[in-house]
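Take a look at the structure below.
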Amino acid sequence: MYKFVLICFFSLISTLINAQEMTSPNGQLSMTFKLGANGTPTYQLSYKKKPVIKSSTLGIETVDVASFTTSFEILKVEKNTVDENWNPVMGEQKTIRNNYNELLVKLIQKDQKNRTMFIRFRLFNDGLGFRYEFPKQENLKYFTIKEENTEFNLAGDHKTFWIPGDYDSNEYAYTTSKLSEIPGLMKKATIDIHAQQPIKNLAIQTPSMMKTDDGLYINIHEASLINYPAMALNVDATNFKLSSHLCPDPMGNKGYMQTDTHTPWRTIVVSDKATEILASKLILNLNDPTAYTDVSWIKPVKYIGVWWEYFVAGKSTWAYSNENNVKMGDDFSKLAPSGKHGATTQNVKKYVDFAAANGFDAVLVEGWNVGWEDWFGNWKEDVFDFVTPYPDFDVKELHRYAASKGVKIMMHHETSGSATNYERRLDTAFKFMADNGYNAVKTGYVGKIIPRGEHHDSQWMVNHYINVAKTAAKYKIMVNSHEAVRPTGLNRTYPNWIAQESARGTEFEAMGGLAPEHTTILPFTRLMGGPMDYTPGILQTELSYYGTGSSQKVNTTLVKQLAYYVTMYSPLQMAADMPENYTRYADAFQFIKDVAIDWDDTYILEAEPGDYITIARKAKNKNEWFVGGITDENSRTANITFNYLPKGKKYEATIYADGKDASWNKNAQSYTVRKVSITSTSKLKQVLGAGGGVAISIKESDAKSLNGK
């Protein structure tokens, strides 16, 4: 009897010693760390006493040394609190608060010669971040990761907004379903995309957005992805459990580590308000501050481009010639021109003129360099050299002409997935840019990756993207990457990595179309990690306009395209339509000309993933505000408040609204523009057409009266 009581007593003491608890600064979130059976690390997370993550295991399985999964004891526990402010180079807010409580659990495996692993938890008011750390130590120098065994054991069969897990593409349409329904929907969701590599076991991508039956919103992603493969999520649809799935290399290994080192942060953003998910800066806060000493050259960019005309009507092409077998070093002046090449000196000058006349910073030119004739899908290494223009593209003359107009030309580096070729040519390519007045580049990774066997999301490629950003910074060049790994807040650490695509963007409106709900999901998923070059602004939504017989259309109203400049954050924003269409819709185009792309403050007015979003923002260093509201395939009334405006002043609001007959599939280009007088106490109920939107520009007004109320 006494022996039994004594055993229970020591068991209780052992449990108390192994359990570590922490709450968020506001007390609404709480987490517990424990060592479970066999010394396995576990954690759990609750929000307002509701379970978010039930007890879930942590650990890393290895190839060449004993795994970091069991036989741990707690060596030491350290706690800390941080509350500070910092200013991003560009962003949705001028100042960001970084406030968290920290728990550092130092673990030891005594049966592995006292080998140590640390797990660092940071609990914010809006969620949890944690990572594995491996200090330099005598008995651990190098190790190879077989898999990371991080679990997210969910509390129920949540509604989930997801795309299939894939090592090479994020360009899927979103599916909305219960977790339990994912297995039956995966085949349909895994649509054909060039160079894709779907994960064989059941998996989805991050950021993964969920909503519980009792109204909690949960977002799972990662932060500060450096020297490590990207994480997808295995789905246990029966037990409602997600677990980490790292992208492999050609050997099947997941990562090669040398101490002192650590993993990226695993992030869980949670709230009972959808607006607070969009307002979260947790992922940015988990990234390191930039080490750049001079960031004065990193500036927001509003641009147009020789781009959309390639996608519609067959107006022009990237390639100079119809020849389908070219090699690097060929004399392209001897090839017969097709007569449809878009990146000609004459055509680019027209875009430069339009940019200059309408206050745009830059003109993107795709298809300017030799090699586009047979690049697509051939998996060859030496495709582009990034310095040799086609015969009809005069680099020097365009530099001179654009500079005389106060406009920059934006470089395009399509790598065709040949990262090895690009690595060899980075310095040469960026020096060429600097010598010819370019200060921004759009990089592309369409195709299967070289080194062959690597993936877009593998450790090797993750390091490649960062190397591109760091090398570009030496030449004071900003980078906009397409087809790269999804972002994880690294625009804080490398602020010249100004934007990414890494999702299904506007180009797909010309290739089958996007569902009207698509852009009401993206801010809750892809944009959680960082700004997106979505390329909005298509005002000619009926593509049959171009006379090709196609019934293809952009599945939005014209006004929704305007609203994207507010709802889809990026300091790099394209007016993606062709200049002649902006001339035809000059009054609507005015909003694109006026709208800011860098902000002092952001106000999430209303939101529901998959349904609607309304956001207001204050322009950086200006007394100007802009509002954007969008909806899915259903018409709705947006409830817009203005209490963020300074009190006691009158403002002029220019409201761009869907016409009464407008919807994404009928009369999409029907719209109205009106001016009204408002104050900070004003409220607006604005009807949005199905698949529609609203866009509002607000400026201080001295006028005593304006039309409307």
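So the sequence shown is numbered by this note's numbering: it starts at 41 and just counts up by one.
Yeah, the Cβ is synthetic: ideal placement off N, Cα and C, and Gly gets one too.
Nearest-angstrom beta carbon gap, residue j and residue i [assumed within contact, 8 Å]
i: A295; j: L286; result: Contrary to the premise, residue 295 reads as Gly rather than Ala in this sequence. That belief holds up - the Cβ atoms of G295 and L286 are roughly 7 Å apart, short of 8 Å.
i: G382; j: Y350; result: 6 Å
i: L612; j: D573; result: 6 Å
i: N409; j: Y391; result: N409 to Y391, Cβ: 17 Å. No contact.
i: L567; j: M518; result: Not quite, the Cβ-Cβ distance comes to about 19 Å (not below 8 Å), so this is no contact.
i: G750; j: D627; result: An answer regarding residue 750 cannot be provided, because it is not within the stretch 41 to 749 covered by the chain.
i: V734; j: A697; result: 5 Å
i: Q60; j: L147; result: With a Cβ gap of about 11 Å, Q60 and L147 do not count as contacting.
i: L194; j: I93; result: 7 Å
i: K199; j: K181; result: So it is not a contact: roughly 45 Å between Cβ atoms.
i: T82; j: L98; result: 7 Å
Secondary structure of residue i, DSSP reduced to three states
i: M41; result: Low confidence applies to M41: its pLDDT is 47, below 50, so where it sits in the model is not reliable enough to give any reading.
i: V564; result: This sequence places Phe at residue 564; Val is not what is there. In the structure shown, F564 sits in a helix (DSSP, three-state: H, G or I).
i: T511; result: helix
i: G167; result: strand
i: E494; result: coil
i: N58; result: helix
i: I222; result: helix
i: P340; result: coil
i: V392; result: helix
i: S444; result: helix
i: A38; result: Past the boundaries of the shown model lies residue 38; the chain is included only from 41 to 749, so the question cannot be answered.
i: G79; result: helix
i: R544; result: coil
i: M130; result: coil
i: E776; result: Here the chain comprises residues numbered 41 to 749, so residue 776 is not present and cannot be evaluated.
i: W305; result: strand
i: M30; result: This structure cannot speak to residue 30, because the chain is shown only from 41 to 749.
i: R464; result: helix
i: A263; result: strand
i: L286; result: strand
i: M501; result: helix
i: L324; result: helix
i: L318; result: helix
i: Q68; result: coil
i: W537; result: strand
i: I233; result: coil
i: W348; result: helix
i: D371; result: coil
i: D123; result: strand
i: D385; result: Note that residue 385 is Thr in the sequence shown here, rather than Asp. Helix.
i: D312; result: coil
i: D300; result: coil
i: D475; result: helix
Burial state of residue i, where buried means 16 or more other Cβ atoms lie within 10 Å
i: D328; result: exposed
i: V117; result: exposed
i: T278; result: exposed
i: T63; result: exposed
i: L515; result: Reading off the sequence, residue 515 comes out as Tyr, not Leu. Looking at its Cβ environment, which holds 16 or more other Cβ atoms inside 10 Å, Y515 is buried.
i: T121; result: exposed
i: M130; result: buried
i: N679; result: exposed
i: G732; result: buried
i: M291; result: exposed
i: M41; result: Residue placement at M41 is poorly supported in this model, since its pLDDT is 47, which falls under 50; the coordinates still yield a value, given next. When all chains shown are included, M41 counts as exposed.
i: N78; result: exposed
**Request:** Please determine if the stretch 674–689 and the stretch 713–731 are in contact, where contact requires at least 3 C-beta pairs separated by less than 8 Å.
**Result:** yes
**Asked** Within the chosen definition, does the stretch 121–129 reach the stretch 195–209 through at least 3 CB pairs nearer than 8 Å?
**Response** no
**Item:** Start-end ranges of the beta strand (DSSP E) lying completely within the stretch 690–739, minimum 3 residues
**Value:** 691–698, 711–718, 723–728
**Asked** Any chance the stretch 417–429 sits against the stretch 444–458, with 3 or more Cβ pairs inside 8 Å?
**Response** yes
**Request:** Taking only runs that begin and end inside the stretch 142–219, name each unbroken alpha helix (DSSP H) of 4 or more residues, in chain order.
**Result:** none
**Request:** Report yes or no: do the stretch 173–181 and the stretch 152–160 share at least 3 C-beta pairs separated by less than 8 Å?
**Result:** yes
**Message:** Within 8 Å, do at least three Cβ pairs link the stretch 299–309 to the stretch 255–273?
**Reply:** yes
**Request:** Decide if the stretch 525–542 is in contact with the stretch 639–650; the criterion is three or more beta carbon pairs, one per stretch, under 8 Å apart.
**Result:** By the Cβ criterion, the stretch 525–542 is not in contact with the stretch 639–650, since fewer than three pairs of Cβ atoms, one from each stretch, lie closer than 8 Å.
**Request:** Please determine if the stretch 218–229 and the stretch 194–204 are in contact, where contact requires at least 3 C-beta pairs separated by less than 8 Å.
**Result:** yes
**Item:** 3 or more residues per run - each beta strand (DSSP E) lying fully within the stretch 549–633
**Value:** The stretch 549–633 contains these whole beta strand (DSSP E) runs: 612–614.
**Message:** Check whether the stretch 506–525 and the stretch 476–486 are in contact - that is, three or more C-beta pairs closer than 8 Å.
**Reply:** yes
**Prompt:** Can you find at least 3 beta carbon pairs, one from the stretch 321–337 and one from the stretch 592–602, that sit closer than 8 Å?
**Reply:** no
**Request:** Could I get the ranges of all uninterrupted beta strand (DSSP E) runs contained in the stretch 641–686, with 3 residues as the minimum, in chain order?
**Result:** 652–659, 664–671, 676–681
**Item:** Any alpha helix (DSSP H) of 4 or more consecutive residues that is wholly inside the stretch 393–461
**Value:** 435–444
**Item:** Cβ contact (3+ pairs, closer than 8 Å) linking the stretch 685–698 and the stretch 712–724
**Value:** yes
**Request:** Answer yes if the stretch 103–118 comes into contact with the stretch 182–191, meaning at least three C-beta pairs across the two stretches below 8 Å, and no otherwise.
**Result:** yes
**Asked** Should the stretch 138–158 be called in touch with the stretch 238–253, which here means at least 3 C-beta pairs below 8 Å?
**Response** no
**Message:** Quick check: the stretch 340–359 against the stretch 394–412, are at least 3 beta-carbon pairs closer than 8 Å?
**Reply:** yes
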